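These notes are about the structure you will find just below.
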Amino acid sequence: MLKVRTVEPEERWFEDFHEGQEFPVITRGPMMVGHQVRWAGACDNYESEFHHDEYVARAQGLPGIILSGPLMASYLLTAVTQWLGRHARLVRFFDQNRGPTMPRDMAHLHGRVRRAYEQDGRCLVELECWITNQRGEVTTPGSALAELPRRPGGGR
Amino acid sequence: MAVNHITDAVRALIGLRSDWIEACHPVEASEVRRFFQALMDPNPRYWDAASPAAARYGGPVAPPGFAVHAFRRPPDEIEDPLGADGDPEFDGTSRLVRRGLPRVPVPLRGVLNGGYEYEFFSYPRLGERILCRSAYRDITQREGRSGPMVLIVVEDEYATGGEFRPLLKSVSTLITR
Amino acid sequence: MGAIFEDVEIGQEIPRLVKGPITTAHIVRWSAAMENWHRIHFDWHYATQHDGLPDVLVNGSWKQHVMIQLVTDWAGETGWAWKIAFRFRGMNLPGETLTAWGRVTGKEERGRFGVVDLEIGLRNEQGAEGTPGTARVVLPRRGGPPVPYPFDPAVLAG
Amino acid sequence: MTAEISDAEIEKHLASLIGPVGEPVTALVEFGAVRRMALAIGDLDPIHFDEAAARARGYRGIVAPWPLLWLYFFTCTEYEHDFPFGRATVHGQDEYEFHEPMIVGDRITVTTAITGARLKHGRVGRLGQVVSERRFVNQDGALCAVLKTTLFRR
């Protein structure tokens, strides 16, 4: 029906990850109100008006529109799935809404392997991940755990 | 007339008709719900299979004008419509008049929607595929108060199902200036 | 129940449709549902500072479906909202309450059915007409059959 | 007003929140909703768009990106936050647990409960912490995900 021109995550295996490994930073932004509107549409939720109404946001004492925390976390989660490759299955993800992201802010997505280990026959990669803005402030710290297969045939 | 935007290249587009293009997915209940909730028109014909309307249409249908907005970013379009991130001038709209039709090569930036003429024949049911083909009916230039305007008249035919049951026809005028 | 041709009188107003007050949440919900990312509808800085507008704007695409709803509601499930045309003339801002209205301007028997012409519009509370237009509705005759679905203009011939 | 309410009263209120919220709600995983979410978060992995690509990677069909949980979070459970203390409620953090992938055509039943509610004393005064948990189970009874959301009231 439709020719799909998408981007498949790279092929990576458990052996490709080691403690302390840093992932290439992925940058999103500048964020726009449109990103928030598109997210609100995907969630079908328009209740918190400070996410899209400048007047309401200011009336509530905010400096302006604040982008949704789960939106930023979802960017981070997507970055994790890209870093870990197409065979990874996410087991857990955690994020904290520590600082606001506003329109025109940048979002730099960072990740680092905390541990790559085997447990009960499962190969697991645990990583910490976080978002910084253009001022270097951490807005969204997080962590993830994923299961990966070993490279077929062994070896590197 | 200071500048004539109706060049040979523009004139060659008049009468050009696209192939049938299919919407990015068949009519889904939640897309219909989003539409009528955003329109604030909770008519049972859009969701209640037991309503008297459903007998007429053979089940819940999408609102009459639903098809007009069913042609959104298809999965094979990799370019993010919000992707002009950082360009403070970018207004968020595509300069493509219709999928399937080439752009009209005029150097004007602003686009206004002048209006529509609709003719309705039937409504799409849940699960039906929506198809559209478009044509440039006319492209003309007028002198406005703030300079030249190019009026692009587009005709769209919408149909559904394997038998291409007509849904609606629309004639719309886009004003670029 | 939809309207019956014989009951319609020229000059008669059809039931109005009132929407609003429209908030930015309504505009965002519509923009998101349509995947219309035109910034003048939700980016207040862009709308006011770049485009010089007084505020974000109510979507023209939303207003057109209000006009369609006005006419299809009146046609009901026995009639048919055949043709609807309108121009976008004015802009509407958050906080406005919009009233869609229609008035019968003509009627004509066509075969077993009747055709009714309307003028239609969408006014704000100040009476400013933002979306003037016309509509043509096919109605059943008293005691006659409903307008067949799918609609084929050929039924008006004989 | 809010200053007068005692810690004990707040703790009693918070304790009363613990338990199920509403009835379980079932939602269909639709291609259009998956597409919307994948585009909103910029996840262009073909498993979210193309059935053949998803099957080639060992999935039953088109895979929902996990953030689609938020669609069901917002549309399935009506839930009002009304606290007799504090001024602002902040969405603090989220903890996700993933199991069986959600596939287009699945019917996902969402069950919501408040699983934790306690009062803490922070640097800036009293802090209520309320944890809601949503469990997402598919038509075969397989657990797809658990989402624990923590709200802070201060």
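Protein chains in written order, with my numbering: chain A, 1 to 156; chain B, 157 to 333; chain C, 334 to 491; chain D, 492 to 645.
Beta carbons are placed, not taken as given, at the ideal position from N, Cα and C, and that holds for glycine.
Treat the numbers as computed from the prediction; the structure is a model and nothing was measured.
Inset, instruction - Check the Cβ of H181/B against every Cβ in chain D and list those closer than 9 angstroms, keeping chain order. - result: For H181/B, the C-beta contacts it makes with chain D under 9 angstroms involve E521, F522, G523 and R526, in order along the chain.
Inset, instruction - Using beta-carbon positions only, say whether R349/C and T464/C come within less than 7 angstroms of one another. - result: no
Inset, instruction - Determine the chain B residues that contact G393/C at a beta-carbon separation under 8 angstroms, and present them in chain order. - result: N269
Legend entry - Own chain residues within Cβ distance below 8 angstroms of P322/B, not counting five before or after: Excluding residues within five positions, the ones whose Cβ falls inside 8 angstroms are F277, S278, E313, Y314 and A315.
Inset, instruction - Note the first and the last residue of the continuous beta strand (DSSP E) segment covering Q459/C. - result: Element bounds for Q459/C: n/a, residue is neither H nor E.
Legend entry - Identity of the residue in D534/D, T600/D and G523/D nearest V628/D by Cα: Selection D534/D, T600/D and G523/D evaluated against V628/D yields T600/D as nearest (Cα-Cα).
Inset, instruction - Determine, using beta carbons only, whether L324/B comes closer than 7 angstroms to chain A. - result: no
Legend entry - Cutoff 6 angstroms; reference S328/B; Cβ partners in own chain excluding five residues on either side: Y272 and V310
Inset, instruction - Evaluate contact between the region 112-120 of chain A and the region 69-77 of chain A, counting only Cβ atoms and requiring at least three cross-stretch pairs below 8 angstroms. - result: no
Inset, instruction - Spatial neighbours of E11/A within its chain, please: CB distance less than 8 angstroms, with the 5 preceding and 5 following residues excluded, ordered by chain position. - result: G85, R86 and H87
Inset, instruction - Taking only beta-carbon positions, decide if M492/D is within less than 7 angstroms of chain B. - result: Its pLDDT being 47, under 50, M492/D is placed unreliably in this model, and the value from its coordinates should be taken loosely. Taking Cβ atoms only, chain B never reaches closer than 7 angstroms to M492/D, which makes this a no.
Legend entry - Nearest-angstrom Cα separation, counted from L638/D out to T603/D: 10 angstroms
Legend entry - C-alpha gap between Q397/C and D534/D, whole angstroms: Computed Cα separation, rounded: 33 angstroms.
Inset, instruction - Look at the Cβ atom of E339/C, then the Cβ atom of R475/C, and state whether they are nearer than 7 angstroms. - result: Yes.
Inset, instruction - Would you decide whether L634/D is buried or exposed? Buried here means 16 or more other CB atoms lie within 10 Å of its CB. - result: exposed
Legend entry - Residue nearest to D536/D in terms of C-alpha spacing, selected from V125/A, E8/A, L148/A and T139/A: E8/A
Inset, instruction - Would you identify the three-state DSSP class for G21/A, choosing helix, strand or coil? - result: According to the sequence as given, residue 21/A is Gln; it is not Gly. Reduced to three states, the DSSP call for Q21/A is coil.
Legend entry - Cross-chain neighbours of W363/C in chain B, by beta carbon under 7 angstroms: The contacting residues are A194.
Inset, instruction - For L431/C, name the three-state secondary structure that DSSP assigns. - result: strand
Legend entry - Per-residue burial, V520/D [other beta carbons within 10 Å of its own, 16 or more giving buried]: buried
Legend entry - Identity of the residues DSSP links to T332/B by a beta bridge: Beta-bridge pairing links T332/B to V267/B and V306/B.
Legend entry - Distance between Q36/A and R104/A (C-alpha atoms, nearest Å): 12 angstroms
Inset, instruction - Work out the CA separation of P478/C and Y46/A for me, nearest whole Å. - result: Distance between the alpha carbons of Y46/A and P478/C is about 44 angstroms.
Inset, instruction - At 8 angstroms on the CB atoms, spell out the chain C contacts of P208/B, in chain order. - result: Result: E410.
Legend entry - At least three beta-carbon pairs within less than 8 angstroms, the region 19-29 of chain A to the region 550-569 of chain D: no
Inset, instruction - May I ask you to list, following chain order, the residues of the region 41-53 of chain A that have a beta carbon less than 7 angstroms from some beta carbon of chain B? - result: D44
Inset, instruction - Taking all protein chains shown into account, decide if V621/D is buried (16 or more other Cβ within 10 angstroms of its Cβ) or exposed. - result: buried
Inset, instruction - Within its chain, find whatever has a CB closer than 8 angstroms to the CB of P149/A; leave out the 5 residues flanking it on each side and keep chain order. - result: W13, F14, H87 and C123
Legend entry - Sheet register partners of A96/A (DSSP bridge): Note on residue identity: the sequence assigns Gln, not Ala, to residue 96/A. For Q96/A, which the question treats as bridged, DSSP gives the partners Q584/D.
Legend entry - Stretch-stretch touch, CB-based, cutoff 8 angstroms, three pairs: the region 207-225 of chain B with the region 372-391 of chain C: Taking 8 angstroms as the limit for Cβ pairs, the verdict is that the region 372-391 of chain C does not touch the region 207-225 of chain B.
Inset, instruction - Count the other CB atoms, across all protein chains shown, that sit within 10 Å of the CB of A487/C; report buried if there are 16 or more and exposed otherwise. - result: exposed
Inset, instruction - To the nearest angstrom, report how far apart V470/C and I532/D are at their CA atoms. - result: Each residue's alpha carbon lies about 44 angstroms from the other.
Legend entry - Where the alpha helix (DSSP H) through Y55/A begins and ends: Its alpha helix (DSSP H) spans residues E54 to A59.
Inset, instruction - State yes or no: is the beta carbon of E187/B nearer than 7 angstroms to at least one beta carbon in chain D? - result: yes
Legend entry - Straight-line Cα distance separating R626/D from T641/D: 15 angstroms
Inset, instruction - Check G510/D in the structure and name its three-state DSSP category. - result: strand
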